[in-house]
Amino acid sequence: MILGHIGARKGSKGVPRKNFRMICGKPLIDWSLDQLFAHPMVDAVVVSTDDEEIYDHAVAKGALAVGLRPAHLATDTAGKFGVWQHALSVSEPLCGTVSAFLDLDCTSPLRLPEDITGALELYKSEHPDLVMSCCEARKNPYFNLVEPDASGALHVSKPLPGGVVARQQAPVVYEHAASTYVVAPDYLRRAKGLWEGRVIPFLMPPERCVDIDSPFDFRLVEFLLKEAQGVENNG
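Going by this note's numbering, the letters in the sequence shown line up with residues 616 to 850, in that order.
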């Protein structure tokens with residue numbers, strides 16, 4: 616039993632009510648929700664939200680009727696892991712024992728169905744506690760990420776002996792891309808946070824990892840979605 620999950624909190628400081636805002640013809644959440652319902656490996660879907668309109672919308676499309684999330688998980692300081700734990704606990708009585716918990720971030724609608732398949736297959740083959748979508752970082756702390764010291768002078772964030780004079784010499788660094796996760800249910804039940812267990816990367820192209828956190832991000836993702844739709848229509 617693979618349970619697909621989307622967390623969609625009502626509030627948003629960067630883009631007001633972004634999770635239900637229309638983008639390219641449908642609410643933002645539906646770009647991810649429709650992927651879950653359409654994917655052949657996903658057996659049930661749950662949406663964790665404090666927004667009654669989003670909840671009713673998701674249940675009408677076929678999501679599990681688990682009720683609204685608790686108030687302490689609806690603040691802007693509530694962590695993703697606690698939301699996952701709650702969603703799993705209220706879903707299993709309705710759908711049965713879960714073998715993989717698949718989370719899609721609804722603010723990252725550019726993923727493709729094959730990204731979901733790839734993450735699930737990596738989880739199945741490697742048996743980690745958590746698969747996390749990542750892309751190669753555009754900036755590297757060993758080379759071109761800097762931070763000020765007490766005097767205000769800049770230094771490379773993670774200096775190496777002898778220094779790094781070219782990006783190719785720097786250790787590989789990944790960017791945590793809030794897009795696609797697969798979590799072991801037993802890990803969700805026993806752990807207290809994301810990084811306690813064996814977390815492995817599922818690499819995605821950076822152009823499919825853009826996360827909406829600001830009005831500019833929304834415009835950028837809207838442009839990229841329109842471009843992708845144009846490719847599909849002309850293909």
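Every residue, glycine too, gets a C-beta built ideally from N, C-alpha and C. Model, not experiment: these values are computed from the prediction.
Query	Result
Any beta strand (DSSP E) of 3 or more consecutive residues that is wholly inside the region 776-832	789-798 and 814-818
Alpha-carbon to alpha-carbon, Gly-767 and Lys-739	48 Å
Where Gly-622 sits in the DSSP three-state scheme	strand
Range of the contiguous beta strand (DSSP E) that encloses Cys-750	745-751
Identified DSSP bridge partners for Met-637	Pro-642
Contacts around Gly-619, its chain only, beta-carbon distance under 6 Å, and the 5 residues preceding and following it disregarded	Leu-651, Val-657, Val-660 and Leu-717
Residues of its chain near Leu-760, where Cβ-Cβ distance is below 6 Å and the 5 sequence neighbours each way are ignored	Lys-754 and Ser-772
Contact belief for Ala-715 with Leu-735 at Cβ below 8 Å, rounded distance in angstroms	7 Å
Test item: CB-CB of Ala-806 and Pro-743 under 9 Å	no
Within 9 Å, strictly: CB atoms of Val-630 and Ser-829	yes
Residues near Ile-669 in its chain [Cβ-Cβ closer than 6 Å; skip 5 each side]	Ala-623 and Phe-635
Rounded straight-line distance, which links the Cα of Leu-679 to that of Gly-778	54 Å
Supposed contact pair Lys-633 and Asp-666 - C-beta distance, whole angstroms, cut 8 Å	Not a contact, Cβ separation roughly 11 Å.
Straight-line Cα distance separating Phe-758 from His-654	40 Å
Pro-685 versus Pro-756 - alpha carbon distance	38 Å
Status (buried if at least 16 other CB within 10 Å, exposed otherwise) for Phe-838	exposed
Where the beta strand (DSSP E) through Val-660 begins and ends	659-663
Coarse secondary structure for Leu-727, derived from DSSP in three states	coil
Three-state secondary structure (DSSP) of Phe-652	helix
Three-state secondary structure (DSSP) of Leu-839	helix
For Asp-671, the three-state DSSP class (helix, strand or coil)	helix
Every unbroken alpha helix (DSSP H) inside the region 688-737 [4 residues or more]	695-710
Reference Thr-664; option with closest CA among Ile-617, Lys-841 and Val-705	Val-705
heavy atom of the ligand GTP below 8 Å from Tyr-757 C-beta	For the structure depicted, the ligand GTP is absent and the ligand set is empty, with no information on it obtainable.
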